[in-house]
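2 protein chains.
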Amino acid sequence: MATLIAMYKHPEDPAAFDRHHFGVHVPLARKLPNLTSYDVSHGSIDGGSYYLVAVLTFSSHEAMTAALQSEAGEAAQQDLANFAGAGVDILTYDARPA
Amino acid sequence: MATLIAMYKHPEDPAAFDRHHFGVHVPLARKLPNLTSYDVSHGSIDGGSYYLVAVLTFSSHEAMTAALQSEAGEAAQQDLANFAGAGVDILTYDARPA
């Protein structure tokens, strides 16, 4: 299973971030082809360096790559500039049970 | 669902890291109470700043906190010093479907 984790740094205006993230970005990202799950953190994140974490899973690394290169993937990535100005660290990996 | 992600930086000796991680650390971490899933990355990790990513999930934030404070949790955390000298970033969060 391939996973993409988007770790958003603390925004200057959390209310504006939430409004755009949940109102615009999530609907855009939901259109990604091959998406098998999409979870978003709520409440505080221990450690404090991030404001919000989103976890998107795909059936395989190939499925994830295709999703990110699709029209919906391009749109979602371009939308980051509209609300994630504080920065976002993206981590992708392919995992199997330990 | 509460998630703990351990992001291991590139070790000086990958073979020794793998030997200890899979041979000692994973068996220790499997003893964590309340653990509902345990996945480990394989293959390359895009972006390159990490060597290996482990993702542990628990039914709730309270279940995760109890697991980390248990005897097994203490043992697993102390074991990090035996193989993760290059550094490990730990991120925990509580997530719900987007």
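Protein chains in written order, with the working numbering: chain A, -5 to 92; chain B, -5 to 92. All residues carry an ideal CB built from backbone N, CA and C; glycine is no exception. Bear in mind that the values here come from a model prediction, so they are computed numbers and not experimental data.
field: Bridge partners - L50(B), DSSP secondary structure assignment
entry: Taking the first residue of the second sequence as position 1, residue 50(B) is located at position 56. DSSP, once it has assigned bridges, lists L(-2)(B) and Y32(B) as partnering L50(B).
- prompt: If you measure from the beta carbon of D12(A) to each beta carbon in chain B, is any gap under 8 Å?
  reply: Start at 1 with the first residue of the first sequence, and residue 12(A) comes out as number 18. Put simply, the CB of D12(A) is far from chain B, with every gap to its CB atoms at 8 Å or more.
When H55(B), L29(B), A57(B) and S54(B) are compared against A48(B), the one with the closest alpha-carbon: Along the second sequence, one-based indexing puts residue 48(B) at 54. Closest in C-alpha terms to A48(B), from the list H55(B), L29(B), A57(B) and S54(B), comes L29(B).
message: Does chain A have any CB closer than 8 Å to the CB of S54(B)?
response: In the second sequence, counting from the first residue as 1, residue 54(B) sits at position 60. At a cut-off of 8 Å, the C-beta of S54(B) has no neighbouring C-beta in chain A.
query: Which whole-angstrom value is the C-beta distance of H4(A) and F77(A), which I expect to be below 8 Å?
result: The residue you call residue 4(A) lines up with position 10 of the first sequence. The residue you call residue 77(A) lines up with position 83 of the first sequence. About 13 Å separates the two Cβ atoms, so there is no contact after all.
message: Taking only three categories from DSSP, how would you classify D12(A)?
response: Reading the first sequence from its first residue, position 18 is the one you call residue 12(A). If DSSP states are grouped into helix, strand and coil, D12(A) belongs with the helices.
query: Taking one C-beta from the segment 5 to 24 of chain B and one from the segment 67 to 75 of chain A each time, how about it: are there three or more such pairs within less than 8 Å?
result: Judged by Cβ distances under 8 Å, the segment 5 to 24 of chain B makes no contact with the segment 67 to 75 of chain A, as fewer than three pairs qualify.
query: Using DSSP with H/G/I as helix, E/B as strand and the rest coil, what is P91(A)?
result: Residue mapping note: residue 91(A) aligns to position 97 of the first sequence, counting from 1. Of the three classes helix, strand and coil, the one that applies to P91(A) here is strand, per DSSP.
Test: P8(B) CB closer than 8 Å to a CB of chain A: By 1-based counting over the second sequence, the position of residue 8(B) is 14. Chain A, which has no Cβ nearer than 8 Å to the Cβ of P8(B), makes this no.
query: Cβ of D33(A) less than 8 Å from any chain B Cβ?
result: Counting from 1 along the first sequence, the entry for residue 33(A) is found at position 39. By the rule that beta-carbons nearer than 8 Å mark a contact, D33(A) touches chain B.
query: Which chain A residues sit within Cβ distance under 7 Å of P91(B)?
result: If you number the second sequence from 1, residue 91(B) lands on position 97. Chain A residues near P91(B): Y32 and D33.
Member of Y45(B), T(-3)(B) and Y2(B) whose CA lies at the smallest distance from the CA of V82(B): For this step, residue 82(B) is matched to residue 88 along the second sequence. Out of Y45(B), T(-3)(B) and Y2(B), Y2(B) has the C-alpha closest to the C-alpha of V82(B).
message: If you reduce the DSSP assignment to three classes, tell me which class L22(B) lands in.
response: The residue you call residue 22(B) lines up with position 28 of the second sequence. Three-state result, L22(B): helix.
- prompt: Can you give the Cα-Cα distance for K25(A) and A75(B), rounded to whole angstroms?
  reply: Residue numbering aside, residue 25(A) sits at position 31 when the first sequence is read from its first letter. Residue numbering aside, residue 75(B) sits at position 81 when the second sequence is read from its first letter. The alpha-carbon separation between K25(A) and A75(B) amounts to approximately 43 Å.
- prompt: To which residues of the same chain is A61(B) closer than 7 Å at the C-beta, ignoring the five residues directly before and after it?
  reply: The residue you call residue 61(B) lines up with position 67 of the second sequence. Here the set comprises L26, P27, N28, L29, F52 and G67.
- prompt: Alpha carbon to alpha carbon, how far is A89(B) from V20(A)?
  reply: Position 95 of the second sequence, counted from the first residue, corresponds to residue 89(B). Position 26 of the first sequence, counted from the first residue, corresponds to residue 20(A). Going from the Cα of A89(B) to the Cα of V20(A) covers about 14 Å.
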